[in-house]
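Asker: So that we are looking at the same thing, I have put the structure below in structure tokens.
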Amino acid sequence: MRSELRIELLRRAEHDQAARAELLRRAEQDAATRAEPEPDWDTVASVDADNLTWLKDVVAELGWPESPMVVPRERPTPGSRMRARVGGPGS
Numbered sequence: 476m477r478s479e480l481r482i483e484l485l486r487r488a489e490h491d492q493a494a495r496a497e498l499l500r501r502a503e504q505d506a507a508t509r510a511e512p513e514p515d516w517d518t519v520a521s522v523d524a525d526n527l528t529w530l531k532d533v534v535a536e537l538g539w540p541e542s543p544m545v546v547p548r549e550r551p552t553p554g555s556r557m558r559a560r561v562g563g564p565g566s
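With this note's numbering applied, the sequence shown corresponds to residues 476 to 566, in that order.
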């Protein structure tokens with residue numbers, strides 16, 4: 476189960492970062508053409524909501540995933556953002 480959890484944590488982190496990267500790409504593209512940026516916050520909010528629901532279930536069943544399960548990243552991971560939202564360790 477731990478290896479499956481690690482895989483899912485990494486998949487969700489990748490999906491989260493891809494949604495945010497696309498949002499930034501669009502904002503930069505819009506700024507370059509001097510158009511008003513229309514960021515796709517709906518996609519980012521949807522990814523956040525899905526991750527939050529999923530992680531609450533994981534924490535309820537298994538507790539907070541240990542740090543070795545997730546590859547360290549320079550940017551915040553979904554877990555670190557969600558920990559702050561649900562009042563977990565390190566929030």
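Idealized CB from N, CA, C, for every residue including glycine.
So the alpha helix (DSSP H) TRP516 belongs to, where does it begin and stop?
Answerer: 516 to 537
Asker: Across the region 529 to 538 and the region 496 to 506, are there enough close Cβ pairs to call them in contact, namely three or more that are closer than 8 Å?
Answerer: no
Asker: Please report the distance separating the alpha-carbon of THR528 from that of LEU537.
Answerer: 14 Å
Asker: Between ALA493, ALA502, MET544 and SER542, which lies nearest to SER576 when the distance is taken from Cα to Cα?
Answerer: The chain is shown from 476 up to 566; residue 576 falls before or after that span and cannot be answered.
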